[in-house]
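Undergrad:
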Amino acid sequence: MKKGKAGFGPYNKGDYAPDALGDEVVDFLRRHKDERFFLFFSQYYVHYPLHTRCKWLVEKYEKKAAAARLKLNDAQITYAAFVETMDHLLGRVLDALDKYKLSDGTLVVLTSDNGGDPRVAWNGLRGSKWTLYEGGVREPFIVRWPGVTKAGATSDVPVIATDLMPTFCEVAGVKPPAVPLDGISILPLLTGKTGKLDRDTLIWHFPFYHAAFVGTKPCSSIRKGDMKLIHFYEDGRSELYDLASDPMEKNDLSKTQPRLAERLKDELLGALKQQNARFPESRP
0 MKKGKAGFGP YNKGDYAPDA LGDEVVDFLR RHKDERFFLF FSQYYVHYPL HTRCKWLVEK
60 YEKKAAAARL KLNDAQITYA AFVETMDHLL GRVLDALDKY KLSDGTLVVL TSDNGGDPRV
120 AWNGLRGSKW TLYEGGVREP FIVRWPGVTK AGATSDVPVI ATDLMPTFCE VAGVKPPAVP
180 LDGISILPLL TGKTGKLDRD TLIWHFPFYH AAFVGTKPCS SIRKGDMKLI HFYEDGRSEL
240 YDLASDPMEK NDLSKTQPRL AERLKDELLG ALKQQNARFP ESRP
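Just so you know, numbering that gives the first Met the number 0 puts 174 at position 175 of the sequence shown, and the rest follows in order with no gaps.
(1) Which residue marks the beginning of the beta strand (DSSP E) containing Lys230, and which one marks its end?
(2) Output yes or no for whether 7 angstroms exceeds the beta carbon distance between Leu106 and Trp144.
(3) Measuring CA to CA, which of Asp241, Thr130 and Arg277 is closest to Gly214?
(4) Using 8 angstroms as the cut-off, can you tell me whether the segment 268-283 makes contact with the segment 197-205, which would need three or more C-beta pairs spanning the two stretches below that distance?
(5) Any contact of the segment 40-52 with the segment 64-82, i.e. 3+ C-beta pairs under 8 angstroms?
(6) Given that a residue counts as buried once 16 or more other Cβ atoms are within 10 Å of its Cβ, and exposed if not, what is Ser220?
(7) Does the Cβ-Cβ distance between Val25 and Arg68 come in under 7 angstroms?
(8) My output table needs one value for Leu239: the three-state DSSP class, helix, strand or coil.
(9) Any idea if Gln243 is buried or exposed, counting beta-carbon neighbours within 10 angstroms, 16 or more meaning buried?
(10) Among residues of its own chain, excluding the 5 on either side of Met85, which ones have a beta-carbon nearer than 7 angstroms to its beta-carbon?
(11) If you measure between the beta carbons of Phe212 and Pro279, is that distance less than 7 angstroms?
(12) Which of helix, strand or coil does DSSP assign to His31?
(13) Compare the Cα-Cα distances from Asp287 to each of Phe40, Asn11 and Gly151 and report the closest residue.
(14) According to the Cβ coordinates, are Asp251 and Asp241 closer than 7 angstroms?
(15) What ranges does the beta strand (DSSP E) occupy inside the segment 77-134, keeping only unbroken runs of at least 3 residues that lie completely in it?
(16) On the premise that Thr161 lies in contact with Asp181, defined as a C-beta separation below 8 angstroms, what is that separation, rounded to the nearest angstrom?
(17) Across which residues does DSSP place Ser220 in a beta bridge pair?
(18) Runs of 3 residues minimum, wholly inside the segment 165-211: which ones carry the beta strand (DSSP E) assignment?
(19) Along the beta strand (DSSP E) that carries Val142, what are the first and last residues, could you check?
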């Protein structure tokens with residue numbers, strides 16, 4: 000992260016540095032306002048490396064941290080500036096949809112691919128990016144669809160990123176690819192036609208090491224209803240949690256409910272093998 004005057008630009012309070020990707024998104028909406036379109040806006044914010052050219056944003060969050068008596072480092076302050084910059088850029092997109100009279104006919108979905116980076120972020124749950132604990136896989140999922148999805152409505156039904164493609168296909172009235180899909184359409188949830196889905200199981204697979212910051216080792220997990228099992232390949236152990244009563248995953252139930260743990264492990268490994276998933280291998 001750059002520090003000092005050399006790293007800042009001539010931006011007054013309320014002014015943000017130019018963003019080429021944001022400009023392209025707004026221009027795309029202008030050019031395609033009379034057509035059907037799909038737009039995927041994958042922002043640089045809030046990713047590493049961290050650096051803002053807006054000195055006023057850094058000063059703003061330094062003051063906020065001081066007022067809240069939080070001892071934040073430079074990276075955390077800059078990360079906060081990143082979050083506000085991301086909000087600003089998303090606001091530009093929503094404003095453009097309003098400007099071109101596209102809001103009423105456009106489904107907007109805001110989500111993330113993983114939890115916060117443990118160097119700067121914490122969302123109140125165990126784990127982070129690069130882990131399969133809830134802090135790594137439980138993400139924000141926000142929808143705006145005027146006239147279809149009720150404003151202010153909430154749902155506690157678990158969904159997953161692989162649900163997006165079949166959902167978008169159904170919304171657009173096109174058939175998804177004729178291949179087995181990991182996700183299902185959640186359109187009935189978005190329209191309020193149902194408060195549940197015909198599915199009770201989700202699976203995650205991370206057969207790799209990520210030694211930096213969190214020391215993650217190869218693992219997979221399965222959530223069935225409110226029960227969640229994480230299986231670690233190095234030593235063959237599993238952890239079992241009841242997310243309804245223990246969302247922080249503090250109480251491992253694998254020893255007190257061994258049959259359930261074994262059943263969920265078998266289902267997890269069986270599903271991964273059926274999908275021809277890549278598994279970690281021991282080296283001699």
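Heads up, the beta-carbon is just placed ideally off N, CA and C, and yes, glycines get one too.
TA: The relevant details are as follows:
(1) It should be pointed out that residue 230 corresponds to His in this sequence rather than to Lys. For His230, the enclosing beta strand (DSSP E) covers residues Met226 to Phe231.
(2) The answer is yes: Cβ separation under 7 angstroms.
(3) For Gly214, the nearest C-alpha among the options comes from Thr130.
(4) Touching, yes, given that three or more Cβ pairs across the two stretches are closer than 8 angstroms.
(5) The segment 64-82 and the segment 40-52 touch, with three or more beta-carbon pairs separated by less than 8 angstroms.
(6) With 16 or more neighbouring CB atoms inside 10 Å of its own CB, Ser220 falls in the buried class.
(7) For Val25 and Arg68, no; Cβs fall outside 7 angstroms.
(8) In the structure shown, Leu239 falls within a strand segment according to DSSP collapsed to helix, strand and coil.
(9) Gln is not the amino acid found at residue 243; the sequence shown has Ala there. Counting the other CB atoms within 10 Å of its CB gives Ala243 a total below 16, which places it among the exposed residues.
(10) In chain order, Gln42, Tyr44 and Val45 place their CB closer than 7 angstroms to the CB of Met85, counting only its own chain and leaving out the 5 sequence neighbours on each side.
(11) Pro279 is positioned such that its CB atom lies no closer than 7 angstroms to that of Phe212.
(12) Three-state DSSP puts His31 in coil, outside helix and strand.
(13) The chain is shown only over 0 to 283; residue 287 falls outside these bounds and no answer can be derived.
(14) No.
(15) Runs of the beta strand (DSSP E) inside the segment 77-134: 107-110.
(16) About 4 angstroms separates the Cβ atoms of Asp181 and Thr161, confirming a contact at the 8 angstroms cut-off.
(17) Its beta-bridge partners are Trp203 and Ile229.
(18) Counting only runs of 3 or more, we get 200-205.
(19) That run of the beta strand (DSSP E) goes Phe140 to Arg143.
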